[in-house]
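A short worksheet on the structure shown next.
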Amino acid sequence: MNAVTAQLPALQVVIPLLGAIIAAFLRRGTLAWAWAALITALTPVIAFAQLHQVWTNDTISYRMGGWPPPIGIEYRVDLLNAFVLLLVSLVSTIMMPYARRSVAHEIDGDKQAWFYCMYLLGLAGLLGITITGDAFNAFVFLEISSLSTYVMIAMGRDRRALVASYQYLIIGTIGATLYVIGVGLLYLVTGSLNFADIGTRLAEASAAYPRPVLAGLAFLFVGISLKLALFPLHVWLPNAYAYAPSFATAFLAATATKVAIYLLLRIVFSVYGVAIDLNTLPVSTVLYPLSIAAMFIASILAVYETNLKRMLAYSSVAQIGYITLGIALMNQAGLTGSVVHLFNHALIKGALFLALGAIVYRAGTIKLDDLGGIGRTMPLTFAAFVFAGMSLMGVPGTAGFISKYYLIVGALDAGLWPIAFLIVASSLIALVYIGRAVEVAYFRPIASAPANAKDPPLMMLVPILVLTFASIYFGIDTELSAGVASRVAETLLGGLK
Amino acid sequence: MTTSLLTSPASALLVGALALLFTRGIAHKIILLGFPVLALILVFHAPTGSVTANYLGYALTPIRADALALLFGAVFALAAFLGALFALDRSSTLELSSALVYAAGALGVVFAGDWITLFVWWEIMAIASTLIVVCGGEKAYRPAFRYALVHFLGGVLLMAGIAGEIAMSGNTTITSLKPDSWPRWLILAGLLVNAGAPPFWAWVSDAYPASSWSGMVFLSVFTTKTAAYVLMRAFPGVEGLIWIGLVMAVYGIVYAALENDIRRLLAFVIVSQMGIKVAGVGIGTPLALNGVAAHSAAAVIYTALLVMVAGSVMRQTGKTRMSDLGSLAAAMPLTAFACMIGALAIAAFPLTSGFVSKSMIVDAAAKQHLPGVWIALLAVSAGVVLHAGLRLPWLVFFGAPKPRIAAGDPPQSMRIAMALAAVLCMVIGIVPDGLYVMLPHQVTYVPYTASHVLVQLQLLSFAALTFYLMRDLLKPQPGITLDLDWLYRRPGAWLACGFDDLTAGAWTRLVSGINSKAAWLHDLLVTHHGPTGTFGRTWPTGTMAFWTTFLLGAFLLIAALG
Amino acid sequence: MRLDVVLRVGVKLIIPFMLVFGLYVQLHGDYGPGGGFQAGVIVAGAIITYALIFGIEEAQRVAPRKLVEFLVPLGVLIYAGTGVIGLLSGQNFLDYSVLAAHAPAGRERGILLVEAGVLVTVASTMIALFYAFSERGR
Amino acid sequence: MRDTRRTSKAPLTTLTGKDMRKAALVILIVLVLFDLVVKHHEVFGIDGTFGFVAWFGALACFCLILLALAVGSLLRAPESTYDD
């Protein structure tokens, strides 16, 4: 037992990685699905065990290949990444039952196993980015997850999926390149690739070479910003989300951007924050305007969007704005809001995109104008959409409220009441676009596409309902989400004086 | 903690309300009756002491089960059961489900130990009760809207007050407060809106009579009584409440004496009765507070009984104007009998629940040496014969015969509900000790002394004599009495109609001005944010690369300059 | 080109040397420049050269499409599987010291296996890419 | 005790008439006379006097009716007032 416990960090990544390879050998779609579901289901167990260990004891450090850090690659699990690991793996597990029919519906039979292989590879990549304590290893996993993502997006039914995938590939590659340049600069000045080790050496290096250290941050920041779709570097995202297979969209929306945000937190707070006073770095200066622009511009874009998937994709860009705003605030409440919104938004968007996938499955379209009356023909699915949408707006009593509450408190703590006001104001725009969907779904006569639709099969419905329930539940029981998040914020700010 | 929250009576009723939506037939009825009973059982099994929780760093006390909470909880659960039994034949699932949510809200408020929990349940009550009014049919839509507006206002006042109170004192727990800061004034104002205090009391007589024959039973029970309950907890002994309460009591009597519609009359009666309680809270001694608690408990039952009687008359005859009714006693004997019991109870006749509860408040005024208050309370007690005590039963069930109305007693379930309520009124009056042991304060009080009984008999009989002599002056006449709601309803109507050509012209210009500006803004937004707008269309990959470079450059520049 | 005798004979002569050179680069990778990635490209180059001269059908008789697509994940499996052996024998992931009696010898053996996995994957991926492009026009 | 009640109500029905009215009058007088026997614990001085509650009850009711009539003459409006 102890032997297994000691190996948990490696297993977290190795299991989905090996699983992906084996999935490639499986030819039949259903078999590959069952395999992928099994593998996925193992990951939250490991993540939970690690979170428990980190919560009760201390940081876990794992030496890859037996080589001690900083020479060897270190897998390092602290509260922040244990939390993100659990989030990513748990949301994926909840979604897996949904995958079978949705994927079978949207992807040709002989390609399904390949899709699951790519999905598992992507999962392994995301978990790898999160768990590794090594800057270059993170890049490798970033590439693994990105490559598999390009493939998943390209497998969408729509012809535009190829273009979207290609564009994401170019942008993603630029992002990865900038990231690796940043890592290179850091390696030049500190001689280390280990996050924690760079952190300890950076104070000295920064004194000797202040410019490269700052340039390194610039490259890392912009590179990761591309991955997390920070406005205005978000343009790849709406198309990628809109044309990817429904399941892939939900998976990516719930996990991929969150992991990128994690990486940003890690670089800013655990690497730079340890050595340098964060207030002297231009992170906040850059993040404030971009976050607020994202909150408003992307939300308004969502209002005018007629394709529901694109609408939610823009909404994601706006929500990422909230998360980065919390990072920009750089205080306890703001950062708690950031981390807790990372968690809540994953649940909310997971639920919303799964609901859209179910609509694609039954009604065959997600054009808002064709969906009149869908709320009456798919009552449970759309009820889930409405509840998750309420959580997205931040109605009190829902998970979204908790995030916004902490962000507002953070803004007030920072003495920036106009920002608190902007948070509330932009939430009202969410009311408009969710309200628009509700109006069409409930108050319009039933159109031809939804006329014969009904709620999807149980295997698809249950994940939707579970995630919806979670996005309400975590507004009431804030112990797991906000409790962990505030401790995470505390540790992250530990470096701040 | 979670278990005790799940087994709280309020959450049980919420589950019941949900279950109602998905059931039909016999299961529907079992749920409708079963969950209030379950809630009643759970009230008595509520965890002693308080259950605390933590929400966003605030210490919450979702359940605080002390003597006062148990008394109100038990009475509310009982009233919910009686109302459900009375409404058993009602086909509107929305109304019944809302009624259970409404009762859940009331129980939630009763057991809430902190202001945040209270506010949540408070708003649940407001929403559920609005829905009940809406279920009164198309004629109820406008009253329901006005009702919602007033309660929205009350909710905003309360929320602002709570937020301010927590910000200023850092304390979320509901404790006895003195109105010495603006948040506390706001809290008091928010509570008084729900209590039916001036200047917003008109919502009671506006909205309640608009509800259905069954809906008003629920409405009459919860909103005002929970307000009395929270006032008892938060503002005992605030002197201004005495005068507000007396004004309410007199207002209720005067307007009820003029009223023609039986259900509007009962709405005024509710305000009048609330006035006595609010005044009791203002006196604030242990005896007075015991009186308010006991009187609330008694009033819940007899008011519900009278409202049931009115509901039965409405359902069986289709009429609610007293000018159209009369001598129904022969046709509806049981309803008439129930009405008399209710009338006796509200008049505080010895051997009824009103006698053993109201006299405590009057005595408390005497013991505090408040002669003016005491005299006023005595006068108000005498005035009861002007409405529910004598005027209502006489004009509806006795009095001059009207053209024959073909009607009988209502169906069995409604009869049982009325009979149960009537029996409760008598039982509490005859054996008051069962009620007294549940009171919050330890006060020994003996209601049945020769002096008490004699005073009450003299008071009522001579008041009745006056009424008898002047009865012709108070004959029901068609029409309504203008109320303070005129102040906001009339200008509202004027605004809606556009009160004169000149202003109408200005209005049109303003609107078209706003419209053109809005259209301009909309066009601007579409140009930039529409699906084919600057931000919305898919940018060429090169443009994205440009922005990436730009951002990188900007970051480096800021870093270099900073 | 099928009729060009010089090319056909020449290629037939070169290919064995290419394959051996690939192996040399592969094995040399332990100590000097080289390794699975480069070797894989050289091996793939041999097959691709064959396909260029003798036609895609001939090449696919030597290295069938199905086989190539099977080898892609197989190589990764060899790589990761070698790492897992460390896990299974109680050491950390990718710790090869358990593969032989002495730790250095074990590490050497582990790297050999890992490089073999890389060779298989890289070579088969290159060939698969070539197949994919060459079949596109038809 | 129920009798008091009926005295004030029974004459209103057409069945009984004068006898009941007389009975009611007797009961009213008897009730006032009880003040000779029953000791009231007076608090304000006036409340212990003979027949106080009786005349006060009548007077209070009278005043309230006058008030109601005054309010009625000022504020009564047709039911259609608010038809909006």
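Residue numbers (the working numbering), protein chains in the order written: chain A, 1432 to 1928; chain B, 42 to 603; chain C, 13 to 150; chain D, 251 to 334. Where a beta carbon is used, it is the ideal one built from N, C-alpha and C, also for glycine.
In this structure, A:T1563 lies near A:Y1506, with their beta-carbon atoms less than 7 Å apart.
In the DSSP annotation of this structure, B:P488 is not part of any alpha helix (DSSP H), being labelled neither H nor E.
Under the three-pair Cβ rule at 8 Å, the stretch 1895-1902 of chain A does not count as touching the stretch 1748-1763 of chain A. Taking a Cβ-Cβ cut-off of 7 Å, the neighbours of D:L319 in chain B comprise L514, given in sequence order. Between C:V88 and chain A, the shortest Cβ-Cβ separation is below 7 Å. At a Cβ-Cβ threshold of 7 Å, B:Y188 and B:W244 count as neighbours. Interface with chain A (7 Å Cβ-Cβ cutoff): C:F49 is excluded. Fewer than three beta-carbon pairs drawn from the stretch 23-34 of chain C and the stretch 1671-1689 of chain A are found closer than 8 Å, and the two stretches are therefore not classed as touching. Three or more Cβ pairs closer than 8 Å define a contact, and the stretch 360-379 of chain B falls short of that threshold against the stretch 504-514 of chain B. In the DSSP assignment, the residues bridged to A:K1798 are A:N1738.
Counting the other Cβ atoms within 10 Å of the Cβ of B:D155 gives 16 or more, which makes it buried. Under the Cβ distance rule, A:Y1836 counts among the residues neighbouring chain B, one pair being separated by less than 7 Å. Under a 10 Å Cβ-count criterion, A:P1501 is classified as buried, with 16 or more other Cβ atoms of the shown protein chains found around its own Cβ. Look at the beta carbons and you see the stretch 1784-1801 of chain A not touching the stretch 1848-1865 of chain A: under three pairs across the two are nearer than 8 Å. Beta-carbon to beta-carbon, A:L1862 and A:L1799 are separated by about 16 Å, too far to satisfy the 8 Å threshold. For A:S1492, the enclosing beta strand (DSSP E) covers residues I1491 to R1494.
When C-beta distances to chain B are compared with 9 Å, every residue of the stretch 1517-1547 of chain A stays at or above that value. The beta carbon of C:A140 sits closer than 7 Å to the beta carbons of V80, E81 and V84 from its chain, once the five residues preceding and following it are set aside; these are given in chain order. From the beta-carbon of A:V1445, the residues of chain C found nearer than 8 Å are A92, G95, V96, L99 and F105.
Interface with chain B (7 Å Cβ-Cβ cutoff): D:L316 is excluded. Under the 7 Å criterion on CB atoms, A:A1441 is classed as interfacial with respect to chain C. In this structure, DSSP gives D:E329 a helical state, which the three-state scheme calls helix. CA-CA distance, A:I1560 to A:R1741, rounds to 27 Å.
For chain C, none of the residues of the stretch 1595-1606 of chain A brings a beta carbon within less than 8 Å of one of its beta carbons. Contact between B:V271 and B:V150 holds: their C-beta atoms lie close to 7 Å from each other, under 8 Å. Of the candidates A:G1704, A:L1600, A:R1697 and A:T1436, the residue whose Cα lies closest to the Cα of A:A1671 is A:L1600. When Cβ-Cβ separations below 7 Å define contact, B:H570 makes contact with chain A.
D:F312 has a beta carbon lying within less than 7 Å of a beta carbon in chain B. For the C-beta of C:P85, the chain A residues within less than 7 Å are, from N- to C-terminus, I1452, A1455 and F1456. Secondary structure of B:L218 (DSSP, three-state): coil.
Remark: three or more beta-carbon pairs, one from each stretch, lie closer than 8 Å, so the stretch 1435-1443 of chain A and the stretch 1482-1496 of chain A are flagged as touching. Counted as a single uninterrupted DSSP element, the stretch harbouring D:E292 is not any alpha helix (DSSP H), since DSSP gives it neither H nor E. In terms of CA proximity to B:L528, B:F241 leads the group B:F241, B:L61 and B:G424. Cβ neighbours of B:V494 within its own chain (closer than 6 Å, five residues either side excluded): P391. With a threshold of 7 Å between beta carbons, B:T361 makes no contact with chain D. Bounds of the alpha helix (DSSP H) holding A:E1635 are F1626 to A1639.
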